[in-house]
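Report on the structure given below.
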Amino acid sequence: MTSAALNEAAKYGAIRNALGLLTDDHKSLIPSKFLEVTKLGPAEAERATGGQRTAFYRSTIPLKPSNKLTKKVTELVVMTDLAYELMGNSIEETAKWLMAPNSLLFGRSPFQVCMEGNATLLIEWLIDRLGKESPLMKQQGAAGGKGS
433 MTSAALNEAA KYGAIRNALG LLTDDHKSLI PSKFLEVTKL GPAEAERATG
483 GQRTAFYRST IPLKPSNKLT KKVTELVVMT DLAYELMGNS IEETAKWLMA
533 PNSLLFGRSP FQVCMEGNAT LLIEWLIDRL GKESPLMKQQ GAAGGKGS
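Numbering-wise (the numbering used here), the sequence shown opens with residue 433 and increments by one.
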């Protein structure tokens, strides 16, 4: 895909994979990149993700639709893509923000919140900070009577 096509797809919500955590086809996690960005070792990554430690020694970990790891990794990539945009397209700042304790998250890092399965609220917050609107958020607002 060309750069222009990627920009157009990103405009409509396509995953960018800004931190390079996924393979080009977005179907596998690249463990070495995951460990580099998070500064975790394989044993810590296993505990955080619920994956298998031995998998973090492979070149890629296939992401299967029914896998708990897939949901966590997908939400992590969505979250870091949004944070990357918010941080002025800085990989370093995004990685720091991801792993640092955050006062808005009661001292937990965005990574911890995501791995605990609570990424949705954080993703919604990032979307709001970017001045964007998610169709799902709009739909939930209409169904829940938000704004009336």
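Heads up, the beta-carbon is just placed ideally off N, CA and C, and yes, glycines get one too.
Collapsing the DSSP output to three states places I523 in a helix.
Look at S498 here: in three-state DSSP terms it is coil, with no helix or strand label. Nearest C-alpha to S541 among M531, L508, I462 and L454: M531. In the DSSP assignment, A551 falls within the alpha helix (DSSP H) that extends over A551 to R561.
A distance below 7 Å between beta-carbons, with the five flanking residues on each side excluded, links G539 to the following residues of its chain, in chain order: P533.
For P542, the enclosing alpha helix (DSSP H) begins and ends at P542 to M547. The DSSP-derived three-state label of L461 is strand. Checking the DSSP bridge columns, you'll see L454 partnered with L461. Distances from the CA of T455 to each of V509, L537 and Q484 were compared; the closest alpha carbon is that of V509.
If the five residues before and after M519 are omitted, its C-beta is found closer than 8 Å to the C-beta atoms of E525, T526 and W529, all from its own chain and listed in chain order.
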